[in-house]
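Taken in order, the sequence shown gives residues 14 to 207; the numbers are from my numbering. Glycine included, C-beta positions come from ideal geometry on N, C-alpha and C. Read through the structure below, which is laid out as structure tokens, and then see the notes.
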Amino acid sequence: AKIGGAAMTWHFRFGFVILSLLAFRLVWGLVGGRWSRFASFVFEPGTVVRYLRGAAREGEQLDVGHSPLGSFSVFALLGIVAVQVGTGLFADDEIANIGPLNRFVTTDTGLSLTSWHKTAGQWTLLTLVALHVAAILYYLWVKKTDLVGPMLSGDKSLAAATPASTDTWGTRLLALGLGGACIALAGWVWKLGG
């Protein structure tokens, strides 16, 4: 999108927020609750095929946390958001706005990254978001499964034998501390631009 003036100021602010959230999600994927951790994501091809066929093995819980397709979706979205944030940090619109790390790359590199950020990156992100929303609506309307409610509340009705995720004051304080550290990291990156 072609934006300028105050809109670009907000674009940069939102970029700062997204950098903070991205850093948090990446760290939380390593140390967060059981179902937030990337280690709980399912990627084995055979499992994905069984999931798509609706033929989970006895005891296999493919609807707890992220489903196999949900796991791919999370990584695809995190990947494209990381690329968009990264290219934005080095961007140069050749008018009045440059990313905070633009001074560390050549003019040609900055312009190439800007071009990708404004074209292929933008459309890839929008396409993945649209697919993600479509999948959520499919689950809600066709499979009668609410994915958003449990994601926001952290609570989902499951079989008694399902391992619980950790939700203690300690994990909440850890999340708060990590959130603050990620905001500080994003602020440090921002200030690198001088």
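- One alpha carbon belongs to proline 81, the other to valine 96, and they sit about 23 Å apart.
- Taking the CA atoms as reference points, alanine 89 sits about 8 Å from leucine 141.
- Between valine 118 and leucine 32, the CB-CB gap reaches or exceeds 8 Å.
- Closest in alpha carbon position to threonine 179, among Arg50, Leu124, Ala104, Trp201, is Arg50.
- Going by beta carbons, serine 86 and alanine 148 fall inside the 8 Å limit.
- Closest in alpha carbon position to alanine 52, among His79, Pro58, Thr60, Leu34, is His79.
- A distance of 8 Å or more separates the beta carbons of methionine 21 and asparagine 115.
- Residue burial annotation: tryptophan 201 is exposed, with fewer than 16 other C-beta atoms found within 10 angstroms of its C-beta.
- DSSP places tryptophan 48 outside any alpha helix (DSSP H), giving it a letter other than H or E.
- Contact between glycine 101 and glycine 28 holds: CB atoms are separated by about 5 Å, below the 8 Å threshold.
- Of Gly67, Trp48, Gly83, the smallest CA-CA separation from phenylalanine 56 is found for Gly83.
- In this chain, valine 77 is not harboured by any alpha helix (DSSP H), its DSSP state being neither H nor E.
- Under the three-state reduction of DSSP output, isoleucine 108 falls in the coil class, being neither helix nor strand.
- Within 10 angstroms of the beta-carbon of proline 58 lie fewer than 16 other beta-carbons, which makes it exposed.
- Closest in alpha carbon position to tryptophan 23, among Arg47, Trp136, Leu150, Gly112, is Gly112.
- Close CB contacts of phenylalanine 37 within its chain, under the 7 Å cut and outside five residues either way in sequence, are with Leu191, Gly192, Cys195 (chain order).
- Excluding the 5 residues flanking it on each side, histidine 145 has same chain C-beta neighbours closer than 7 Å at Ser86, Leu90, in chain order.
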